[in-house]
Amino acid sequence: MTVQVTYRDEGVASAAAPVAARLVDGGVPERLAAGDASLWGDGPGDGTGAADRLGWLTLPRGSRELLPELEKLTERIRAQGLTHVVLSGMGGSSLAAEVICNTADVPLTVLDSSDPAQVRRALTDRPEATTLVVSSKSGTTVETLAHLSVYEALFREAGVDPADRIVIVTDPGTPLEQYAIDSGYQLVLARPDVGGRYSALSAFGLVPSALAGADVARLLDEAEEVLPLLAKRDGNPGFDLGVALGATALAGRDKLLLEDQLSQINGLPDWIEQLVAESTGKQGRGILPVVGAEWHGADDELVVAIESDDGDLRVDGPLGAQFLVWEYAVALAGLVLDVDPFDQPDVAEAKRNTAALLAMPALPVGEPVLVDGPVEVYGATGAKDLPGVLSAMLKAIPDDGYMSVMGYLDRLAAFDAPVPENADFEQMTDAWLAADAATLRALLALRTERPVTFGWGPRYLHSTGQFHKGGPRNGVFILITGAVSEDVPVPGEKYSLGTLQLSQALGDLGALLERGRPAVRLHLTDRAAGVAHLLAAAQEA
Numbered sequence: 000m001t002v003q004v005t006y007r008d009e010g011v012a013s014a015a016a017p018v019a020a021r022l023v024d025g026g027v028p029e030r031l032a033a034g035d036a037s038l039w040g041d042g043p044g045d046g047t048g049a050a051d052r053l054g055w056l057t058l059p060r061g062s063r064e065l066l067p068e069l070e071k072l073t074e075r076i077r078a079q080g081l082t083h084v085v086l087s088g089m090g091g092s093s094l095a096a097e098v099i100c101n102t103a104d105v106p107l108t109v110l111d112s113s114d115p116a117q118v119r120r121a122l123t124d125r126p127e128a129t130t131l132v133v134s135s136k137s138g139t140t141v142e143t144l145a146h147l148s149v150y151e152a153l154f155r156e157a158g159v160d161p162a163d164r165i166v167i168v169t170d171p172g173t174p175l176e177q178y179a180i181d182s183g184y185q186l187v188l189a190r191p192d193v194g195g196r197y198s199a200l201s202a203f204g205l206v207p208s209a210l211a212g213a214d215v216a217r218l219l220d221e222a223e224e225v226l227p228l229l230a231k232r233d234g235n236p237g238f239d240l241g242v243a244l245g246a247t248a249l250a251g252r253d254k255l256l257l258e259d260q261l262s263q264i265n266g267l268p269d270w271i272e273q274l275v276a277e278s279t280g281k282q283g284r285g286i287l288p289v290v291g292a293e294w295h296g297a298d299d300e301l302v303v304a305i306e307s308d309d310g311d312l313r314v315d316g317p318l319g320a321q322f323l324v325w326e327y328a329v330a331l332a333g334l335v336l337d338v339d340p341f342d343q344p345d346v347a348e349a350k351r352n353t354a355a356l357l358a359m360p361a362l363p364v365g366e367p368v369l370v371d372g373p374v375e376v377y378g379a380t381g382a383k384d385l386p387g388v389l390s391a392m393l394k395a396i397p398d399d400g401y402m403s404v405m406g407y408l409d410r411l412a413a414f415d416a417p418v419p420e421n422a423d424f425e426q427m428t429d430a431w432l433a434a435d436a437a438t439l440r441a442l443l444a445l446r447t448e449r450p451v452t453f454g455w456g457p458r459y460l461h462s463t464g465q466f467h468k469g470g471p472r473n474g475v476f477i478l479i480t481g482a483v484s485e486d487v488p489v490p491g492e493k494y495s496l497g498t499l500q501l502s503q504a505l506g507d508l509g510a511l512l513e514r515g516r517p518a519v520r521l522h523l524t525d526r527a528a529g530v531a532h533l534l535a536a537a538q539e540a
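Here is the structure:
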């Protein structure tokens, strides 16, 4: 089955029709499928524009060259009794593999965080059976390099040669490639003409997924089946989806609500979120993807349903084909919005901000404007308590805007929440929700008709962070940080993971404030108590 795109709302069809006609007259479907980079102009000429980022169009066939190598690599680690695969990667280097493995129901630990507690959890989980996959397109991603150093130390302390346990995925010519060669690590080189968020069917998506046990050949089969349709003017799901996304955004429906409750694909909206936000959110324009949110029928909402009738637009099809069609569609939507979907200037800026802060003798955390129990508030709101802070931020959302909550915490902490002995399902659920900072999104969403999104830091810096700073100036931002009770040093560096995590939060907060975005930082001096206090305050806001 290939992907089917169905317009279920007359407004979508009417907005898409004239745009589709104009693009067809310009031969866009055929030109995009053929990899014509001139569709997006000359580009920056620095390796980040369309001219150097269209290799994803040939991956359904080209990535088959990896299959024999992946089969041998999988056999090798299984022969060593290595059954626990940990993927260290950020943004597009990890999200696709997470979706693939969750959908295939094969275990994969995704380490896309600088949070010390989350990293410690991974380090203590079956270290004797662990293979580490380190994925970084640039070969300089600070989080993944920190993870690599920490795991090297772990293996050496256990008397294990890291070369027996570590697999590196990176582009040719990166510092990480040379380091892998010098260290004797298993090395898989990725296509340099494929950007991170378009890399689902490249080595970045396939290597960790294959090692974890997913059928990656089937993914390529699914994508290859839809590939010929992408050059057609009629019956082209990528074109139909991309025109709808771009045309409705131009018409003011630039909040993309993703619905997948009935889908057998597990977690696709999270991958779509980073693809759409990072590709379109720049030059003051863009499409805001909203995952797991309620919709209100607002004039600026477009509800896209994955295998469900609850939406304005329906997209059906297997995972491999969905990857390729969404990549084509978002590239096309960028063309309609007149933005280059392949660069990410604000993501690069976030990396520079972090590096600058790490070079300081001490982090400039400042003084809180108020303290409410285990929560310190940094940023001017004029409020006298935490419910007042949250209320003020909700009131600051523009009529056409949104709120984004970003948690620089352990995104798996809820699984470690204390549960009463002999608790029933409802009691267990209550305990998990009370420990989950992401619950704050749902509570705040009940108090506004504007979209509220949630992102885990620093993961979001590699995806939606581009939209926050480069997209429309209508966002309101709450960053949550937490005290570190047990830090993790980074071998060979002067900083720890806790310092890295806080540097990333402070760097992003500063960038938001410099652009005039309303933003506050809420610091939890006690993480567990702080989350509970935040959730209680949200119910009073």
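When we follow numbering that gives the first Met the number 0, the leftmost residue of the sequence shown carries the number 0, and every step to the right adds one. Quick reminder that beta carbons are idealized off the backbone N, C-alpha and C, glycines included.
So what's residue i in DSSP terms, helix, strand or just coil?
| i | result |
| --- | --- |
| valine 335 | helix |
| serine 198 | coil |
| arginine 21 | helix |
| glycine 48 | coil |
| proline 28 | helix |
| isoleucine 396 | coil |
| alanine 476 | Strictly speaking, residue 476 in this sequence is phenylalanine, with alanine absent from that position. Residue state, collapsed to three classes: strand. |
| threonine 438 | helix |
| arginine 264 | What sits at residue 264 in the sequence shown is isoleucine, not arginine. The answer is coil: DSSP assigns isoleucine 264 none of H, G, I, E or B. |
| serine 495 | strand |
| proline 490 | coil |
| valine 166 | strand |
| arginine 63 | helix |
| valine 329 | helix |
Can residue i and residue j be called in contact, C-beta distance under 7 Å?
| i | j | result |
| --- | --- | --- |
| glutamine 321 | leucine 94 | no |
| phenylalanine 476 | leucine 511 | yes |
| glutamine 282 | valine 335 | no |
| glycine 54 | aspartate 192 | yes |
| alanine 276 | serine 462 | yes |
| aspartate 220 | arginine 252 | no |
| leucine 508 | valine 374 | no |
| aspartate 114 | arginine 458 | no |
| proline 450 | tyrosine 494 | no |
| serine 13 | glycine 91 | no |
| proline 363 | alanine 222 | no |
| phenylalanine 453 | valine 404 | yes |
At the 7 Å Cβ level, is residue i part of the contact set with chain B, yes or no?
| i | result |
| --- | --- |
| glycine 491 | Among the protein chains of the structure shown there is no chain B, as only one such chain exists. |
Straight-line CA distance for residue i to residue j?
| i | j | result |
| --- | --- | --- |
| histidine 295 | lysine 136 | 39 Å |
| leucine 442 | alanine 537 | 6 Å |
| leucine 228 | glycine 234 | 7 Å |
| valine 84 | glutamine 185 | 14 Å |
| glycine 194 | phenylalanine 203 | 10 Å |
| aspartate 448 | glutamate 142 | A small fix is needed here, since residue 448 is glutamate in this sequence, not aspartate. So the two alpha carbons sit approximately 36 Å from each other. |
| threonine 140 | proline 171 | 15 Å |
| leucine 56 | alanine 32 | 7 Å |
| serine 208 | threonine 108 | 11 Å |
| tryptophan 325 | valine 159 | 42 Å |
| valine 11 | alanine 332 | 14 Å |
| leucine 153 | threonine 123 | 10 Å |
| threonine 73 | valine 368 | 54 Å |
| glycine 285 | alanine 292 | 19 Å |
| glutamate 70 | glutamate 29 | 35 Å |
What are the start and end residues of the alpha helix (DSSP H) that includes residue i?
| i | result |
| --- | --- |
| histidine 532 | 526 to 539 |
| proline 71 | A small correction: the amino acid at residue 71 is lysine; proline does not occupy that position in the sequence shown. Element bounds for lysine 71: 66 to 78. |
| threonine 238 | Note that residue 238 is phenylalanine in the sequence shown, not threonine. Segment 236 to 249, the alpha helix (DSSP H) holding phenylalanine 238. |
| glycine 454 | Run containing glycine 454: none in the alpha helix (DSSP H); it sits in the beta strand (DSSP E), 451 to 455. |
| glycine 406 | Counting along the chain, glycine 406 falls outside any alpha helix (DSSP H), though it belongs to the beta strand (DSSP E) covering 401 to 407. |
| alanine 145 | 141 to 156 |
| isoleucine 99 | 94 to 103 |
| histidine 522 | No alpha helix (DSSP H) contains histidine 522, which is instead part of the beta strand (DSSP E) from 518 to 523. |
| lysine 350 | 344 to 357 |
| glutamine 177 | 174 to 182 |
| threonine 463 | 463 to 469 |
| aspartate 220 | 215 to 225 |
| arginine 120 | 115 to 122 |
Hey, could you find the ends of the beta strand (DSSP E) residue i is sitting in?
| i | result |
| --- | --- |
| alanine 304 | 300 to 305 |
| proline 288 | 287 to 290 |
| glutamine 282 | That residue, glutamine 282, is in no beta strand (DSSP E); it is neither H nor E in DSSP. |
| glutamate 258 | 254 to 258 |
Taking 6 Å as the cut-off, is the C-beta of residue i nearer than that to any heavy atom in the ligand MN?
| i | result |
| --- | --- |
| aspartate 399 | Looking at this structure, you won't find the ligand MN or any other ligand, since it has none at all. |
Would you call the stretch 259 to 270 in contact with the stretch 301 to 315, where contact means no fewer than 3 C-beta pairs closer than 8 Å?
yes
Does the structure place the stretch 262 to 281 close enough to the stretch 93 to 108 that three or more beta carbon pairs sit under 8 Å?
yes
If contact is defined by three or more beta carbon pairs under 8 Å, each pair taking one atom from either stretch, is the stretch 435 to 449 in contact with the stretch 232 to 247?
no
Hey, is the stretch 501 to 508 in contact with the stretch 347 to 361, meaning 3+ C-beta pairs nearer than 8 Å?
yes
Taking 8 Å as the cut-off, does the stretch 312 to 321 touch the stretch 0 to 7 (at least 3 CB pairs, one atom from each stretch)?
yes
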